[in-house]
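Below is one structure, written out as structure tokens; comments come after it.
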Amino acid sequence: VSSVDAIRNNNPIMQDEMIEHASRLNIFETDEGNPTSNSGGVPGGGAVTARWKLRADEALVLTVHPPEICPYWDVQVGNVWYESFDYRHFISGFTADDAVINSDNSVTIVLSEQDPGIANWLQTAGHEEGHIAIRWQLSEGQLPIPSCTVVKISEIKRYTSLPDVSKADRKEQVQSMREAVEQRFRL
């Protein structure tokens with residue numbers, strides 16, 4: 164067995180997918196092999212994932228209609244090996260309860276290094292490339308696949324009507340998130 168085969172044989176499924184889909188960037192198309200399956204890492208849950216690659220002045224804008232029946236969903240970002248970012252120090256995920264929902268019941272999510280000063284923003288945490296996953300829990304039917312557009316951060320307001328978040332509000336959001344993590348893990 165070659166060392167490449169040994170590594171490949173020991174990679175978790177999601178990491179293999181991220182390697183295989185490295186040439187298909189900024190588009191959702193995977194869910195453990197099938198973007199419309201209803202299986203996922205948690206019983207009753209399903210996930211859609213994408214590998215992203217962005218320049219420092221770019222943002223990935225995702226829009227998706229969550230399933231009508233879906234008591235819980237979340238979105239998270241991480242590195243190319245599917246490891247989550249340090250959510251104590253970076254805004255690397257949020258749940259349906261924290262999301263701002265559009266008037267048509269869709270949700271728009273913005274991923275970038277620079278804070279665009281709007282709601283539903285996730286940080287790339289200094290990475291130029293990584294993964295993003297949306298997990299739909301206890302949903303029915305085919306999983307919705309987000310549409311994705313890469314835009315310049317300076318033009319973000321043309322692509323979304325998300326409400327503004329001031330620097331003071333963002334600072335409070337980050338502090339609240341940090342305190343919750345520290346309390347949970349007794350840091």
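In case it helps, the working numbering puts the sequence shown at residues 164 to 350. All residues carry an ideal CB built from backbone N, CA and C; glycine is no exception. A quick note: this is a predicted structure, and the numbers were derived from the prediction, not measured.
Got a sec? Which residues, its chain only, sit under 6 Å from residue i by beta carbon, not counting five neighbours each side?
| i | result |
| --- | --- |
| residue 201 | Because the pLDDT at residue 201 is just 47, under 50, the model does not fix this residue reliably, and the point stays unresolved. |
| residue 191 | 211, 213, 308 and 309 |
Might you give, ordered along the chain, the residues of its own chain that have their beta carbon closer than 8 Å to the beta carbon of residue i, omitting 5 neighbours on each side?
| i | result |
| --- | --- |
| residue 315 | 220, 221 and 222 |
| residue 249 | 255 and 288 |
Taking the Cβ atom as the reference point for each residue, do residue i and residue j lie within a distance shorter than 8 Å?
| i | j | result |
| --- | --- | --- |
| residue 303 | residue 287 | no |
| residue 270 | residue 326 | no |
| residue 134 | residue 293 | Limits of the chain in this structure are 164 at one end and 350 at the other, which puts residue 134 out of reach. |
| residue 187 | residue 251 | no |
Between the options, which has its C-alpha nearest residue i's C-alpha?
| i | options | result |
| --- | --- | --- |
| residue 336 | 253, 236, 243 and 215 | 253 |
| residue 261 | 267, 251 and 272 | 272 |
| residue 309 | 185, 225, 215 and 188 | 225 |
| residue 313 | 216, 300, 350 and 187 | 216 |
| residue 259 | 212, 317, 238 and 338 | 238 |
| residue 305 | 233, 294 and 324 | 233 |
| residue 227 | 297, 319, 321 and 346 | 297 |
| residue 322 | 274, 338, 301 and 295 | 274 |
| residue 301 | 218, 291 and 235 | 235 |
| residue 241 | 290, 183 and 346 | 290 |
For residue i, I'd like the list of residues in its chain whose CB is within less than 7 Å of its CB, leaving aside the five on either flank, ordered along the chain.
| i | result |
| --- | --- |
| residue 331 | none |
| residue 278 | 284 and 333 |
| residue 328 | 280, 281 and 282 |
According to DSSP, is residue i part of a helix, a strand, or is it coil?
| i | result |
| --- | --- |
| residue 298 | strand |
| residue 203 | Its pLDDT being 48, under 50, residue 203 is placed unreliably by the model, and the measurement read from it follows with that caveat. In the structure shown, residue 203 sits in coil (DSSP, three-state: anything other than H, G, I, E or B). |
| residue 335 | helix |
| residue 214 | strand |
| residue 344 | helix |
| residue 197 | Residue placement at residue 197 is poorly supported in this model, since its pLDDT is 49, which falls under 50; the coordinates still yield a value, given next. Residue 197 falls in the coil class under three-state DSSP. |
| residue 317 | helix |
| residue 225 | strand |
| residue 183 | helix |
message: Report the start-end ranges of each beta strand (DSSP E) in the segment 256 to 280 that is 3 residues or longer and not cut off at the edges.
response: For the segment 256 to 280, the full-length beta strand (DSSP E) segments reaching 3 residues or more read 256 to 258 and 270 to 275 along the chain.
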